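The letter at position 315 of the sequence shown is residue 646 when you use the working numbering, and the numbering goes up by one with no holes.
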Amino acid sequence: MASVPSRDTRTPQTAPFRPEWPPLTPSTITGRPQRIKTEKSKKTTRRTGATRGWMVWLAFSAPFVTLALLYNGDVTANAETDRIGSYIRWGSDDLSFASRLFPPLPAAVAGLTPFGTRGLGVAGALLAGVVLGVLAERLTKSLPVWLAGVLLAGLGALPAFGVLAVSDFAGFAVVALLSMGLAGMVRFVADGDTGGGFACGLAMGAAVMCDLSAVLFTIMLAVSCALIIRLRGFGGAEVEPGLIRASMLVIVFPAATALAGWSFLEWRFAGTFYQGLDGRWGPNVITGGLAGLAAHPWRELGEAVLRTPVFLAVLFLGVLHRRWISVLLLPSPPLLFGLAVALGLPLSPQEALLVLGVTALVAPMPAGRVTIVVLCVAVGAQLGLAWVW
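Put into structure tokens, the structure is as follows:
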């Protein structure tokens, strides 16, 4: 009988392949610290980005906070908002005061903010910083930082911007929320970022709680979104079945839910239906507004367009470079402002001026030599007209 060799003399080349099962994995001692380190780095990055964003917003807000503390002009609008906010009884079981609170969002801010009209002015100044920060984030994606700063100065240095922010919190809140809605909608259709669509919808849902005129702008954003997706695709990609309908629903649903929810709340606890409007909205207002459609709204709107050369410059660049998102988006706000003013909604020429300026900044622009020259000239003309006209 042959003896059995005491050891395996086969080389790796001649030895049979025997795969290990289960496959070898890094031990928990070496794998877990790596995973924890990756998660910590991601959290640190998000925390750093959020901190940087807050610092930018506060830096933009600083000049307007100073203006709010020193402003001694007309604060009638803030006084009215503060009066409505004084009806709120926090912690009370009786919610009948809801009938006096429409629009509820500025009233809630007034009820929480101390120091009356001065406190509302500071709140508007902080909101102005948020608006400029959101626009800066949008502009720096396609333009040099210095050009983005020039464009932001062309909006933030307008007297109408600072004065409206510190003297009429409710009116400026509509402009601010519409700015965020416009920026989110452009992110949604131009970049294919679904988060932009949700941001747009939430912004417009809050806007209708500041002013019913935001209903028209919500419809405008939904229709513009549908047209742009149908003609240019979604972020440059093909359109999936049902995408247009879903996109419009994302924008319209929060606003519709907010209005329906408030109407139920007021009816349930106060037994009224939008009593806080005091007759500013209804069939009589619509018919009376349509009767004067050919009078002052179009003149005021025309003046607002002429006082925003940046708006006209971006529209020109959109046609020149075939940026059809600009061509489709930009004409909508002027038409809706004329309609809203004609219907008797509480809109002012200053609000029209600022919305046109914001719309120009959120539209995508190519960073070419012609763009830089045209925009710089337009910003200079806009600031000159703002301080002279």
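The C-beta atom is built at its ideal place from N, Cα and C for all residues, glycine as well. Keep in mind that this is a model prediction, so the values were computed, not measured.
Please state whether the Cβ-Cβ distance between residue i and residue j is less than 8 Å.
{"i": "residue 690", "j": "residue 660", "result": "yes"}
{"i": "residue 437", "j": "residue 698", "result": "no"}
{"i": "residue 455", "j": "residue 713", "result": "no"}
{"i": "residue 396", "j": "residue 465", "result": "no"}
{"i": "residue 552", "j": "residue 685", "result": "no"}
{"i": "residue 467", "j": "residue 387", "result": "yes"}
{"i": "residue 706", "j": "residue 482", "result": "yes"}
{"i": "residue 548", "j": "residue 590", "result": "no"}
{"i": "residue 664", "j": "residue 643", "result": "no"}
{"i": "residue 532", "j": "residue 581", "result": "yes"}
{"i": "residue 536", "j": "residue 585", "result": "yes"}
{"i": "residue 331", "j": "residue 717", "result": "Residue 331 cannot be examined here, being either before or after the span of the chain that is shown, 332 to 720."}
Return the CA-CA distance between residue i and residue j, expressed in angstroms with no decimal places.
{"i": "residue 538", "j": "residue 498", "result": "18 Å"}
{"i": "residue 451", "j": "residue 458", "result": "10 Å"}
{"i": "residue 391", "j": "residue 460", "result": "5 Å"}
{"i": "residue 637", "j": "residue 570", "result": "37 Å"}
{"i": "residue 449", "j": "residue 541", "result": "19 Å"}
{"i": "residue 511", "j": "residue 528", "result": "11 Å"}
{"i": "residue 410", "j": "residue 560", "result": "43 Å"}
{"i": "residue 693", "j": "residue 463", "result": "11 Å"}
{"i": "residue 562", "j": "residue 645", "result": "20 Å"}
{"i": "residue 623", "j": "residue 587", "result": "With a pLDDT of 46 at residue 623, under the threshold of 50, the modelled position of this residue cannot be trusted; read the value that follows with caution. About 29 Å."}
{"i": "residue 606", "j": "residue 433", "result": "8 Å"}
{"i": "residue 704", "j": "residue 681", "result": "27 Å"}
{"i": "residue 565", "j": "residue 517", "result": "11 Å"}
{"i": "residue 435", "j": "residue 428", "result": "11 Å"}
{"i": "residue 709", "j": "residue 641", "result": "5 Å"}
{"i": "residue 530", "j": "residue 719", "result": "37 Å"}
{"i": "residue 384", "j": "residue 472", "result": "15 Å"}
{"i": "residue 597", "j": "residue 426", "result": "9 Å"}
{"i": "residue 647", "j": "residue 441", "result": "41 Å"}
{"i": "residue 695", "j": "residue 711", "result": "20 Å"}
{"i": "residue 447", "j": "residue 523", "result": "43 Å"}
{"i": "residue 546", "j": "residue 444", "result": "27 Å"}
{"i": "residue 555", "j": "residue 656", "result": "9 Å"}
Count the other CB atoms within 10 Å of the CB of residue i; is the residue buried (16 or more) or exposed (fewer)?
{"i": "residue 399", "result": "buried"}
{"i": "residue 701", "result": "exposed"}
{"i": "residue 431", "result": "buried"}
{"i": "residue 403", "result": "exposed"}
{"i": "residue 519", "result": "buried"}
{"i": "residue 593", "result": "buried"}
{"i": "residue 625", "result": "A caution first: residue 625 carries a pLDDT of 45, below 50, which makes its placement in the model too unreliable to give a value."}
{"i": "residue 654", "result": "buried"}
{"i": "residue 407", "result": "exposed"}
{"i": "residue 715", "result": "exposed"}
{"i": "residue 572", "result": "exposed"}
{"i": "residue 613", "result": "Any reading at residue 613 needs caution, since the residue's pLDDT is 46, under 50, leaving its predicted position unreliable; the model's value is listed next. Classification for residue 613: exposed."}
{"i": "residue 543", "result": "buried"}
{"i": "residue 382", "result": "exposed"}
{"i": "residue 515", "result": "buried"}
Looking at the unbroken alpha helix (DSSP H) that takes in residue i, where does it start and where does it end?
{"i": "residue 577", "result": "574-601"}
{"i": "residue 429", "result": "Premise fails: residue 429 is in no alpha helix (DSSP H) and is neither H nor E."}
{"i": "residue 516", "result": "500-522"}
{"i": "residue 449", "result": "447-470"}
{"i": "residue 707", "result": "700-719"}
{"i": "residue 405", "result": "Counting along the chain, residue 405 falls outside any alpha helix (DSSP H), and DSSP gives it neither H nor E."}
{"i": "residue 540", "result": "First-last for residue 540: undefined, no H or E at that position."}
{"i": "residue 683", "result": "680-693"}
{"i": "residue 486", "result": "476-487"}
Is residue i near the ligand ATP, going by C-beta to nearest heavy atom under 7 Å?
{"i": "residue 551", "result": "Because no ligand of any kind appears in the structure shown, any question about the ligand ATP cannot be addressed here."}
Between the stretch 477-496 and the stretch 411-427, can you find at least three pairs of beta-carbon atoms closer than 8 Å? As far as the Cβ criterion goes, the stretch 411-427 does not touch the stretch 477-496, which means the pair count is below three.
Would you call the stretch 410-418 and the stretch 504-517 touching, i.e. three or more CB-CB distances under 8 Å? Counting C-beta pairs with one atom in each stretch, the stretch 410-418 and the stretch 504-517 have fewer than three that are closer than 8 Å, which means they do not touch.
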